[in-house]
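Taking numbering that gives the first Met the number 0, the leading residue of the sequence shown gets 0, the next gets one more, and so forth.
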Amino acid sequence: MKATNRKRERRTSGPPKLATAAGQGLGFSLQVTRLLARLLEDCAPGDSVCLEAFSDVGVAKADGTAIAEETKSTHGYNPVSDRAVSLWKTLANWLHAAKVGVISPKRTRFVLYVSIPVEPGVVAQSFVQAGDGASALAALRKAREGLWGSAPEFSTREKLPAELGFQIARLWSDTTISRHLPDIIANFEIVLGTGSPTADLHALMSRQLISPEMCETVTRWALGWVKLETDKLLEQSLPAYLAYDDFKGALLAFCRTHDRTDMLMGFAGEPSAAEIDAHRQFRNYVRQLELVEADDEDILGAVNDHLRAAVDRTTWAEKGYVDPEMLQTYEKELKRTWKNHRDQTAIAQSALGAEARGRLLFLRCAEHRAAVNGQQCPEYFTRGSFHSLSDALTIGWHPDYSTLLPRRTGGT
């Protein structure tokens, strides 16, 4: 009998401790993964992210709004079921943070992230669907009745498990729903992962215009950067806040050094007939070509190039593959190229009329190929960028373009 008891003791005391430690380790690791995901998905210049400051993972936006995310890595249970302690504890923790002034419920998105696909309970779904204070209050009252029973008896309240009952009691009483709680519910959302947070992270990283073969390498580097930077702050007992601008600068520097892709991908499709017609009627770069008597084919090609280059310029900037400094350097090179061709044409082709010299200058510039930070661009991008400069009257094709075309105000 004693030997049997010892066997039972070994079976029950060993593996569960290891499983608990593994679960805790996964939870801590998930927070770092989600911190990087927020940097990639939700941040803009001036924003910052934080670890264990006002939530597991937080985003402090430059405009004063915030995202408070609690992360749940789960095996074998549903953290957003109606009676999940984790759901009610999360809400209670957010409520406490609001009460002490750490977060502003009206200006915060409250996100409960679950790493695997699960089915939220009826209560959680009603909270997600509540889009304002009134509907949130109604959802809370209905949830209270479902868990406690009807007032004033609340006949099922004492039947709840102790921990679940304790967390729920932090949210409401017999007569009132706690202040701030309706605002939290009105801004509450559930985000479900695929079951592989790392794979989800790769998908976010791929949106940064990183070459497919480098995506995993860059993701590993970024995870290490986030871990090291947060550790340095925590070791000094400082709040673990990371500035998005610092992360973006480090990411760009790493990619410039390690990503061997030497071609910027074009994203622009063919412009619509309406866009083309509007540009032909009103834009300076079209007037510039008309001054040098360019034919209709050249003008149509110029409109296509200008519009497609504008789309790529915006997309590359939004994805973080180029920054304003890179584009400014690129435009400076184009202006130098234009000046060199203009001066050479003026000297070598002085016998030609002004219109012919202008067409020749345009054709020479159209043949030029320039790289953005060492990366080759689609051919239309260089031509379209020349047209963008001519649209702003920074450059021109006719020798007297600056006097023949009045400088206008507004964007290009």
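Glycine included, each C-beta is placed from N, C-alpha and C at the ideal position.
In chain order, what are the residue ranges of uninterrupted alpha helix (DSSP H) at least 4 long that sit wholly in the segment 58–99?
84–98
Counting along the chain, where does the beta strand (DSSP E) carrying Leu50 start and finish?
By one-based count along the sequence shown, residue 50 stands at place 51. Leu50 -> beta strand (DSSP E) spans Ser47 to Leu50.
Buried or exposed by the 16-neighbour rule on C-beta atoms within 10 Å, applied to Ala18:
As a working mapping, residue 18 is identified with position 19 in the sequence shown. Its pLDDT being 39, under 50, Ala18 is placed unreliably by the model, and nothing is read from it.
Just how far apart, CA to CA, sit Ser85 and Ala161?
Residue numbering aside, residue 85 sits at position 86 when the sequence shown is read from its first letter. Residue numbering aside, residue 161 sits at position 162 when the sequence shown is read from its first letter. Each residue's Cα considered, the two are about 13 Å apart.
So what's Gln235 in DSSP terms, helix, strand or just coil?
As a first step, residue 235 must be located in the sequence shown, where it is residue number 236. Coil.
Span of the alpha helix (DSSP H) holding Phe109?
Counted from its first residue, the sequence shown places residue 109 at position 110. Element bounds for Phe109: not the alpha helix (DSSP H) but the beta strand (DSSP E), Thr107 to Val113.
In whole angstroms, what separates the C-alpha of Cys49 from that of Ala65?
Start at 1 with the first residue of the sequence shown, and residue 49 comes out as number 50. Start at 1 with the first residue of the sequence shown, and residue 65 comes out as number 66. Taking the straight line joining both Cα atoms gives about 11 Å.
Could you tell me whether the segment 235–249 touches the segment 35–44, where touching means 3 or more Cβ pairs closer than 8 Å?
Put simply, the segment 235–249 touches the segment 35–44. At least three CB pairs are less than 8 Å apart.
Taking contact to mean 3 or more Cβ pairs, one atom from each stretch, closer than 8 Å, check whether the segment 182–194 and the segment 132–147 are in contact.
With the cut-off at 8 Å, the segment 182–194 and the segment 132–147 touch.
Comparing alpha-carbon positions, which option in Ile115, Ala198 and Met204 lies nearest Ile189?
The residue given as residue 189 occupies position 190 in the sequence shown. That would be Ile115, whose Cα lies nearest to the Cα of Ile189.
Cβ-Cβ distance between Glu332 and Ala308 below 7 Å
For the purposes of this step, residue 332 is taken as the residue at position 333 of the sequence shown. For the purposes of this step, residue 308 is taken as the residue at position 309 of the sequence shown. The answer is no: Cβ separation not under 7 Å.
Any idea what DSSP makes of Val412, helix, strand or coil?
Here the chain has residues from 0 to 411 only, and residue 412 is not among them.
Fully enclosed by the segment 239–322, which alpha helix (DSSP H) runs are 4 residues long or longer?
243–257, 272–281, 283–290 and 295–318
Measure from the alpha carbon of Asn339 to the alpha carbon of each residue in Phe380, Val101, Asp173 and Gly395, then state which is nearest.
Taking the sequence shown and counting its residues from 1, the one referred to as residue 339 is at position 340. Of the candidates Phe380, Val101, Asp173 and Gly395, the one whose C-alpha sits nearest the C-alpha of Asn339 is Gly395.
Return the chain-ordered list of same chain residues with a C-beta closer than 7 Å to the C-beta of Val310, the five sequence neighbours on each side being excluded.
Translated into the one-based positions of the sequence shown, residue 310 becomes position 311. For Val310, where only same-chain residues beyond five positions count, the Cβ hits under 7 Å are Phe266 and Ala267.
May I ask which residues mark the beginning and end of the alpha helix (DSSP H) holding Leu403?
Here residue 403 corresponds to residue number 404 of the sequence shown, with the count starting at 1. Its alpha helix (DSSP H) spans residues Tyr400 to Leu403.
Could you pull the start and end residues of the beta strand (DSSP E) that Ile189 belongs to?
If you number the sequence shown from 1, residue 189 lands on position 190. Where Ile189 is concerned, the enclosing beta strand (DSSP E) stretches over Phe187 to Leu191.
Please classify Arg255 as buried or exposed, where buried requires at least 16 other C-beta atoms within 10 Å of its C-beta.
Against the sequence shown, residue 255 aligns to sequence position 256. By the neighbour-count criterion, in which a residue is buried when 16 or more other Cβ atoms sit within 10 angstroms of its Cβ, Arg255 is exposed.
From Pro323 to Pro405, what does the alpha carbon distance come to, in whole angstroms?
What you label residue 323 is simply residue 324 of the sequence shown in a count that begins at 1. What you label residue 405 is simply residue 406 of the sequence shown in a count that begins at 1. Going by the C-alpha atoms only, they are around 28 Å apart.
Please work out which residues of its chain come closer than 6 Å, Cβ to Cβ, to Pro398, disregarding the five sequence neighbours upstream and downstream, and give them in chain order.
Along the sequence shown, read from residue 1 onward, the residue named residue 398 stands at position 399. So the qualifying residues of the chain are Ala353.
Proximity below 7 Å, CB of Phe126 to CB of Ala138:
Numbered from 1 along the sequence shown, position 127 holds the residue referred to as residue 126. Numbered from 1 along the sequence shown, position 139 holds the residue referred to as residue 138. A contact, by the Cβ cut-off of 7 Å.
Once the 5 residues before and after Ala20 are set aside, which same chain residues still bring their CB inside 6 Å of it?
For the purposes of this step, residue 20 is identified with residue 21 of the sequence shown, where counting begins at 1. Low per-residue confidence applies at Ala20: pLDDT is 41, beneath 50, and the placement is therefore not dependable, though the value from the model is reported in the following sentence. By the criterion of a C-beta distance shorter than 6 Å, Ala20 is surrounded by no residue of its chain, once the five residues flanking it on both sides are discounted.
Return helix, strand or coil for Ala370, following the three-state DSSP convention.
Here the question's residue 370 lines up with position 371 in the sequence shown. Residue state, collapsed to three classes: strand.
Ile184 - DSSP class collapsed to helix/strand/coil:
By 1-based counting over the sequence shown, the position of residue 184 is 185. In this structure, DSSP gives Ile184 a helical state, which the three-state scheme calls helix.
Are there any heavy atoms of the ligand ATP lying less than 6 Å away from the beta-carbon of Tyr76, as far as the coordinates show?
The ligand ATP is absent from the structure shown, which contains no ligands of any kind.
Here's a check: name, in chain order, each residue in its chain whose Cβ is nearer than 7 Å to the Cβ of Ala272, leaving out the five neighbours to either side.
Here residue 272 refers to the residue found at position 273 when the sequence shown is read from its first residue. Result list for Ala272: empty, nothing under 7 Å.
Quick one: does Gly352 have its CB under 7 Å from some CB of chain D?
The chain inventory of the structure shown lacks chain D, comprising one protein chain alone.
Among the candidates Asp199, Leu233 and Tyr329, whose CA atom is the shortest distance from the CA of Tyr112?
By 1-based counting over the sequence shown, the position of residue 112 is 113. Closest by alpha carbon: Asp199.
Using alpha carbons as the reference points, say which of Val291, Ala345 and Asp297 lies closest to Arg382.
As a working note, residue 382 is residue 383 in the sequence shown. It is Asp297 whose Cα lies nearest to the Cα of Arg382.
Pick from Gln375, Lys158 and Gln128 that is closest to Leu263, judged by C-alpha positions:
The count along the sequence shown starts at 1 and reaches residue 263 at position 264. Considering only alpha carbons, the answer is Gln375.
Check whether the segment 211–225 touches the segment 271–287, counting contact only when three or more Cβ pairs, one atom from each stretch, lie closer than 8 Å.
no
7 Å Cβ cutoff met for Gly57 and Asp81
Counting from one through the sequence shown, the residue named residue 57 turns up at place 58. Counting from one through the sequence shown, the residue named residue 81 turns up at place 82. No, these two residues do not count as a Cβ contact at 7 Å.
Check whether the segment 87–106 touches the segment 66–78, taking contact to mean three or more Cβ pairs, one atom from each stretch, closer than 8 Å.
yes
Measure the alpha-carbon distance for Ala221 versus His179 and round it to whole angstroms.
Along the sequence shown, read from residue 1 onward, the residue named residue 221 stands at position 222. Along the sequence shown, read from residue 1 onward, the residue named residue 179 stands at position 180. Their backbone Cα atoms lie some 36 Å apart in a straight line.
Closest residue to Leu35 among Thr155, Ile167 and Val225 (Cα-Cα distance)
Here residue 35 refers to the residue found at position 36 when the sequence shown is read from its first residue. Minimum Cα distance to Leu35 is reached at Val225.
Name the two residues that bound the continuous alpha helix (DSSP H) containing Phe385.
On the sequence shown, residue 385 is found 386 positions in, with the first residue counted as 1. Its alpha helix (DSSP H) spans residues Glu378 to Asp390.
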